[in-house]
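> Structure provided below as structure tokens; questions to follow.
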Amino acid sequence: MKTRCSGLAVAAACAVALAVRAEVAIPFFQQPGPAQADKAFSLVMTNGYGDCYRMNLLRDRENYQAYRGICSYRGFSLSGCSTTGEVVMLRIKASPSMPEHSSILSTSLRWGTTMYVLNDVFRPLCSWVSAGYENWYPFDMSCAVAMYINSGGYGQVKRQLYDASDSVSPSFAALSPDDRRALFSAHSAPARAGRAFSLVMTNGYGDCYRMNLLRDRENYQAYRGICSYRGFSLSGCSTTGEVVMLRIKASPSMPEHFSIVSTSLRWGTTMYFLNDVFRPLNSWVYAGYENWYPFDMSCAVAMYINSGGLGAASAEPMPVRAKRAAEPFPTDNGTGTNLIGVLLPLTGDLASLGESYMAALGQALAAITNDPAMPRIRLVIEDTQTDAGIAYDKMVAMRSNGVHLVLGPESSEECRILKTYADLNDVLLLSSSSTAKQLEIAGDNLVRLAVDDSNQARFLAEQIWRDGITDLAILARTDIYGDGLMHSLINEFTALGGTVFASNWCPRIAEFIPELISNMAVQVDARVAEAGASRVGVAVALFDEGVEVMRQASGHGALGGVRWYGCEGLAQNAMLLTNSAAGEFAVRTRFVCTAFQRFTNALYGAVESNIAATVGTQAVARYPMSAYDALSILALALKQTGSLVTIDQVIAALRAAGPAYAGCTGPIQFNAADDRSNGTYDLYEFVSEGGSNWWALLAGRAPSAPSNVTASEGVYPDKVRVMWNAVSGATCYEVWRGDSPLAYPGLLAATADKSYDDTNALANTPYYYYLRAANANGISAFSLPHSGYRGAGGALNDYDGDARSDLAVFDSATGCWYARKAAAPDVILWGAQWGGAGAGPVPGDYDGDRVGDLVVYEPATGLWYGWSAATASVLAWGKSWGFPGALPVYGDYDADRKSDLAVYDRANAAWYVTTLSDSVLAWAEPWGLPGAVPVPGDYDGDRVNDLAVYDGSAGTWYIKTLGGALLAWAEPFGFTGAVSVPGDYDGDFVSDLALLDSATGAWYIRTAAGALIAWGTPWGWPGAAAVPGDYDGDMKDDLAVFDGSTGNWYVRPVADSAIIAWQENWGRPGAIAPGERK
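This is the structure we're talking about:
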């Protein structure tokens, strides 16, 4: 024998006993009257091994509350047992720790000893059925949840036990008339249309299945619903699937019975559970035999209990009080980084939203990461496949790995299934889009950033009523979201005076949808004949499966002749844009959906535009923006609490942060259940225009957001030029500018043009530009932002990022760097060691952060070493790019705003250039002549360094682009003894031809086009080294010299005699100024 169960099954049994809606109020044991003193009872029990036990009990002593009798073991059993023994059933009265229940003691000589079968918690589900947990002692065996059926009523009075005139078979008690009519009769009365049933099943493998069924089709005698697999299972399964219960009418060889078909995708395929003989024992209980096909498995007798409730009351979650342990837990699991789990529907019924959620969370994480004041966060992302069982498994795995804070899940059904575990295991769920009203429970561990569906139902019902619809058919998902929204919509619509003439449940398995649509077509056609097409409508509470529903509906004229409405689960659905048949149907039926309101702040627009660009669609649903807020507000909460917290502390911090949070969806107010309480809805209509389908705001068609927004990045010295594509229907464009991606932008201007020059931008300061298009109907969403900046960036030897060259020296003897501002004594670097004897400094910004890096080149070995002082990170270590005799030439040769590794072979006049990431830009590129010196610079203004050399013997220049375009050939400008000094001396972002006469200290500068800038301007002396750079931040290189013998600096502008530095001592004998020329 094998041990079949664990404590999980006990919990499942208790959950079943508490959750099933039944006649628990009827006393389980009653003192029988004289006429009942000898009342006998017959019990049938199925357990977790597939045994079917029959027991005949007789009340023995009234004051002892005990029943004795004979137990005959009959039916399928793993042990093949068929024996008898004594049975004693004892009543255990209520105690503070345990409600009233009973315990079974059974003896048997089957295995040569007395064996006890103890059911320690054996409670009534209703007046007919009890549930318990079976433990075989002294054997170490626990056989799973068990169901016990009392065929006689435990001596109860005032209850007709059997309907003898309506018997099905001598072996089975019949249904009571009420229940029989509810299950089998033609549902002609509207009040019967919504009759629902809740089933609980235990099978021969110890599984405990919960199913919510609803009568689907009157003429087919079928019931459909959702099966949630909960409890112990050999496979450890915890999943959901579709359930169909069919009535099989009587035949000569078989009495009338039911057959169950259940599907599941748990094992990656559709699996069918067939119960070929599924008969009523009485009005509450059915028995059958379960065969798993296509698997060769027969799992024993099964029992089913109908709760008899109207509607799907069993979908209500159990009111479990959250544990909220006082013992704090670390949110970083000891790693130093806060671990946040993410449960996303990357596949399954909400797959169309999964990528949008990912894009929103990625943008939020980037903003948090770039803010040094925010806590460090790592996301642990899992795909739930929009399956509650898979989500449950993923959450349990996260919790076992130390994750206590989870973003998601995003469907209400997943939240319903996960919240009990979360409540009991210190897990906080923060859902962006769960809206089921039934989940609004105070004191649990579920926080929701969406308003509940009662608000949405009212909003949608009022719109349907305004459209003149008086007769409505509803189609909903078979889960807590669909159930809750359907019933809220029924209540709201009927309160307005409307009639809901049909309510249907949509199967999750696509193969069942054609039959469903066929049934709906019959219903709608009949109602149209009575009320007229203009007064009939269809409302759906669906997710992505709604697209397939519409595709199937397109083949039924009756369904295409009435208005259709949807909820936020389908609003702005991207799949509907690409499905031609479903899209055409949606246009024809003027399909309108509610969607959580769109906010007009710039951050909302920026996130929305980023999602649109990432996913490749303009139809961006609303809730991904709430996901952005969920991560952001959780990060703010952790900033307040620290990483050692309790659930109570995190929730309190969330509640405190919400009202002041200026996020995508504005300030967030929470109600007593920690769910969002503020927010309204928009209406979107699916329309077609110019051959393209799209979602339009019902109130008017504002233009779409501008695309291809670009902002110049340092191209212009006096402005940032912003450009964009024209938008159809737009009459003007608003240009907005922000200082960061998270800051609210300000409006700069409104223009009818397709470009705008921002002349108020500060040099080298990044800005973020947004565009909105407008017309008489309204204003579009914000475009995706584009950053740009006014020119003047990239000053050589700028070690603090202020766009000004600094006084910097490298001590070749010690390998230490020293830097300070030119106009102030502010020290930036002091003794920063990076380099060694024989190495020389090569100035530049090698990582693109607009801050100069410490980079040295060893001419003897051709090795490079780079260090970013700004980020304290190694950029290059012993990177080989060069050889003896090659000269390093600083500059950016591919326009990525990062300096590259370049050397010039003076002996062979050849260039070698590569990026730090090993992308070779030039290899032995011939340009120059022996003895010429390289002069780095951008001589055509395209932001790419060119290949330029100066022949000092002849005073001529040779320049070409890396692509081969000739810019100068033997251009005369120089003389013997002149030293070339690269730089842009007039601020036009084009390098000039500049020389310093080493004999006289005079400067000579002209543009590449020939315009004279300086001629014989005295600034220097023999032996002084020229150090090109912009030392005052006016976007023009200055005249700067460094006296290596004294360590003194002298700097002035070209155009005037204003002194920037005079005899500023910063250096020592033997020190080298990076980039110096002499």
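Residue numbers for the sequence shown follow my numbering, so the first one is 465 and each next one is one higher.
Glycine included, every Cβ here is placed at the ideal spot set by N, Cα and C.
No experiment lies behind these values; they were computed from the predicted model shown.
Nearest to G1451 by CA position, among S1171, G818, A1059 and T1471, is which residue?
Walking along the sequence shown from the start, residue 1451 turns up at place 987. When each option's Cα is compared against that of G1451, the closest is T1471.
> Please identify the residue among G1127, G866, Q827 and L808 whose C-alpha is closest to the C-alpha of Q849.
Within the sequence shown, the letter at position 385 stands for residue 849. Here the closest residue by C-alpha is L808.
> Mapping DSSP to helix, strand and coil, what is V1084?
Numbered from its first residue, the sequence shown carries residue 1084 at position 620. Reduced to three states, the DSSP call for V1084 is coil.
> Is the number of C-beta pairs between the stretch 1372-1382 and the stretch 1338-1350 that are closer than 8 Å three or more?
yes
> What do you get for P1390, buried or exposed, if any count of 16 or more other CB atoms within 10 angstroms of its CB means buried?
Taking the sequence shown and counting its residues from 1, one reaches residue 1390 at position 926. The residue is exposed, with fewer than 16 neighbouring Cβ atoms inside 10 Å.
> Ignoring anything shorter than 3 residues, give me the beta strand (DSSP E) runs that lie fully in the stretch 1293-1355, in order along the chain.
Counting whole runs of 3 or more residues, the stretch 1293-1355 contains the beta strand (DSSP E) stretches 1318-1322, 1327-1332, 1337-1344 and 1350-1352.
> In the DSSP assignment, the alpha helix (DSSP H) including P1533 goes from what residue to what residue?
Position 1069 of the sequence shown, counting from 1, holds the residue named residue 1533. From DSSP, P1533 is part of no alpha helix (DSSP H); its letter is neither H nor E.
> If V1114 and P792 are in contact, beta carbons under 8 Å, what's the gap, nearest whole angstrom?
Locating residue 1114 in the sequence shown gives position 650, counting from the first residue. Locating residue 792 in the sequence shown gives position 328, counting from the first residue. V1114 to P792, Cβ: 10 Å. No contact.
> Which of the three DSSP states is assigned to L1460 in this structure?
Position 996 of the sequence shown, counted from the start, is the residue given in the question as residue 1460. Three-state result, L1460: strand.
> What residue range does the alpha helix (DSSP H) around M984 cover?
By 1-based counting over the sequence shown, the position of residue 984 is 520. Element bounds for M984: I977 to A995.
> May I ask you to list the residues that DSSP assigns as paired with T1420?
Looking up residue 1420 in the sequence shown gives position 956. Looking at the DSSP output, T1420 sits in a beta bridge with D1415 and P1436.
> On the three-pair Cβ rule with 8 Å, is the stretch 921-938 touching the stretch 1135-1143?
no
> Is it buried or exposed for T1129, if we count other Cβ within 10 angstroms and need 16 for buried?
As a position in the sequence shown, residue 1129 is number 665, starting the count at 1. T1129 comes out buried.
> I'd like the list of long-range same chain contacts for Y1125, defined as Cβ closer than 8 Å, with 5 residues on each side in sequence excluded.
Sequence index remark: in the sequence shown, residue 1125 carries index 661 (1-based). Only D1093, S1096, I1097, L1100, P1131 and I1132 meet the Cβ criterion.
> Is it the case that the Cβ atoms of V964 and I933 are separated by a distance below 8 Å?
The residue labelled residue 964 in the question sits at position 500 within the sequence shown. The residue labelled residue 933 in the question sits at position 469 within the sequence shown. No, Cβ-Cβ distance for V964 and I933 is not below 8 Å.
> Residues in the same chain with beta-carbon distance under 6 Å from C1196, minus the five sequence neighbours each way, listed in chain order, please.
Counted from its first residue, the sequence shown places residue 1196 at position 732. Once the five neighbours on either side are set aside, the close Cβ partners of C1196 are A1214, A1216 and A1238.
> Beta-carbon separation of S1332 and D1364 under 8 Å?
Within the sequence shown, residue 1332 is the residue found at index 868, counting from 1. Within the sequence shown, residue 1364 is the residue found at index 900, counting from 1. Against a cut-off of 8 Å, the Cβ pair of D1364 and S1332 comes out as no contact.
> L1351 to D1410, Cα distance in whole Å?
The count along the sequence shown starts at 1 and reaches residue 1351 at position 887. The count along the sequence shown starts at 1 and reaches residue 1410 at position 946. One C-alpha to the other measures close to 16 Å.
> Give the DSSP-derived three-state secondary structure of V1367 in the structure shown.
Residue numbering aside, residue 1367 sits at position 903 when the sequence shown is read from its first letter. If DSSP states are grouped into helix, strand and coil, V1367 belongs with the strands.
> Less than 7 Å between the CB of R1284 and some heavy atom of the ligand GDP, yes or no?
Looking for the ligand GDP in the displayed structure turns up nothing, as the structure carries no ligands at all.
> So, with DSSP's three-state summary, where would you put V915?
Reading the sequence shown from its first residue, position 451 is the one you call residue 915. Here V915 sits in coil by DSSP.
> Would the beta-carbon of S1444 fall within 8 Å of that of V1399?
Here the question's residue 1444 lines up with position 980 in the sequence shown. Here the question's residue 1399 lines up with position 935 in the sequence shown. Going by C-beta atoms, S1444 is nearer than 8 Å to V1399.
> Given a cut-off of 8 Å, decide if E1032 and A1003 are closer than it, judged by their beta-carbon atoms.
Counting from 1 along the sequence shown, the entry for residue 1003 is found at position 539. Counting from 1 along the sequence shown, the entry for residue 1032 is found at position 568. Not closer than 8 Å, so no.
> Taking the CB atoms as reference points, tell me whether A1105 and A1038 lie closer together than 8 Å.
As a position in the sequence shown, residue 1105 is number 641, starting the count at 1. As a position in the sequence shown, residue 1038 is number 574, starting the count at 1. Sequence inspection shows Thr at residue 1105; the Ala mentioned does not correspond to that position. Cβ distance not < 8 Å, so T1105 and A1038 don't count as in contact.
> How far does the beta strand (DSSP E) with A824 in it extend, from its first residue to its last?
Sequence index remark: in the sequence shown, residue 824 carries index 360 (1-based). Boundaries around A824 are those of the alpha helix (DSSP H), A815 to T833, since no beta strand (DSSP E) includes it.
> Which value, in whole angstroms, describes the spacing of the CA atoms of Y1145 and K901?
In the sequence shown, the residue the question calls residue 1145 occupies position 681. In the sequence shown, the residue the question calls residue 901 occupies position 437. Y1145 and K901: Cα-Cα distance of roughly 16 Å.
> Would the beta-carbon of V988 fall within 8 Å of that of V1026?
Counting from one through the sequence shown, the residue named residue 988 turns up at place 524. Counting from one through the sequence shown, the residue named residue 1026 turns up at place 562. A contact, by the Cβ cut-off of 8 Å.
> Tell me whether the beta-carbon of I841 lies closer than 8 Å to the beta-carbon of I854.
By one-based count along the sequence shown, residue 841 stands at place 377. By one-based count along the sequence shown, residue 854 stands at place 390. Contact flag unset, no.
> Would you call A1035 buried or exposed, if buried means 16 or more other Cβ atoms sit within 10 Å of its Cβ?
Residue mapping note: residue 1035 aligns to position 571 of the sequence shown, counting from 1. Result: buried.
> Given that a residue counts as buried once 16 or more other Cβ atoms are within 10 Å of its Cβ, and exposed if not, what is N1074?
The sequence position of residue 1074 within the sequence shown is 610, counting from 1. N1074 comes out buried.
> Classify W1513: buried if its beta carbon has 16 or more other beta carbons within 10 angstroms, exposed otherwise.
Translated into positions along the sequence shown, residue 1513 becomes position 1049. So W1513 ends up on the buried side.
> Report the three-state DSSP secondary structure of R1052 (helix, strand or coil).
The residue labelled residue 1052 in the question sits at position 588 within the sequence shown. DSSP places R1052 in helix when its eight states are reduced to three.
> What residue does the alpha helix (DSSP H) around D1112 start on, and which one ends it?
By one-based count along the sequence shown, residue 1112 stands at place 648. Looking at the DSSP string, the run of the alpha helix (DSSP H) that includes D1112 is I1111 to A1121.
> Could you tell me whether any Cβ in chain C is nearer than 8 Å to the Cβ of E904?
The question asks about chain C, but that chain is absent: this structure has only one protein chain.
> Do you know whose CA, among D935, G1010 and C1057, lies nearest R999's CA?
Within the sequence shown, residue 999 is the residue found at index 535, counting from 1. Out of D935, G1010 and C1057, D935 has the C-alpha closest to the C-alpha of R999.
> Quick check: the Cα distance between T942 and C1057, rounded to an integer number of angstroms?
One-based indexing of the sequence shown puts residue 942 at position 478. One-based indexing of the sequence shown puts residue 1057 at position 593. Those two C-alpha atoms are separated by around 20 Å.
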